[in-house]
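K.L.:
Numbering (the working numbering), first residue to last: 8 to 138.
(1) What residues match up with residue 45 in a beta bridge as DSSP calls it?
(2) Using the three-state DSSP reduction, which class does residue 107 fall into: helix, strand or coil?
(3) Of the residues 138, 98, 135 and 22, which one's Cα is nearest the Cα of residue 77?
(4) First and last residue of the beta strand (DSSP E) that includes residue 9?
(5) Quick check: the stretch 59-70 against the stretch 99-107, are at least 3 beta-carbon pairs closer than 8 Å?
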């Protein structure tokens, strides 16, 4: 099952908080999900990797292992492959534009979004997209 992963889920895994890492661990064994994300997610994570590492509850070596472990399970998709839903996504998320790429990708692939973002959940509760 395809599922769009947002940056908050990845950060939660890297910072050692919540159950996000457990989902990736489960998936590495059972291969239930085909995680996908907009390509810019990896660019942002790499740009801020040092800061995330310093904030993490994990030791440096553990952080690097988790970083690779999580990212190797995600297929990164170029924006050109899902930009056909920009207007619709901007309209739905007009008060939360930072998550437009995730919604665009979910609409393109007709799949849910894995996120703990409460604002995103509230805005998408009025749509057919599951969060």
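Idealized CB from N, CA, C, for every residue including glycine. Bear in mind the structure is a predicted one, so any value in this text is a computation, not a measurement.
P.N.:
According to the structure shown:
(1) Residue mapping note: residue 45 aligns to position 38 of the chain shown, counting from 1. In DSSP, residue 45 forms a bridge with 84.
(2) The residue you call residue 107 lines up with position 100 of the chain shown. Helix at residue 107.
(3) Translated into the one-based positions of the chain shown, residue 77 becomes position 70. It is 22.
(4) Here residue 9 is taken as the residue at index 2 of the chain shown, counted from 1. 9-12 is the extent of the beta strand (DSSP E) around residue 9.
(5) no
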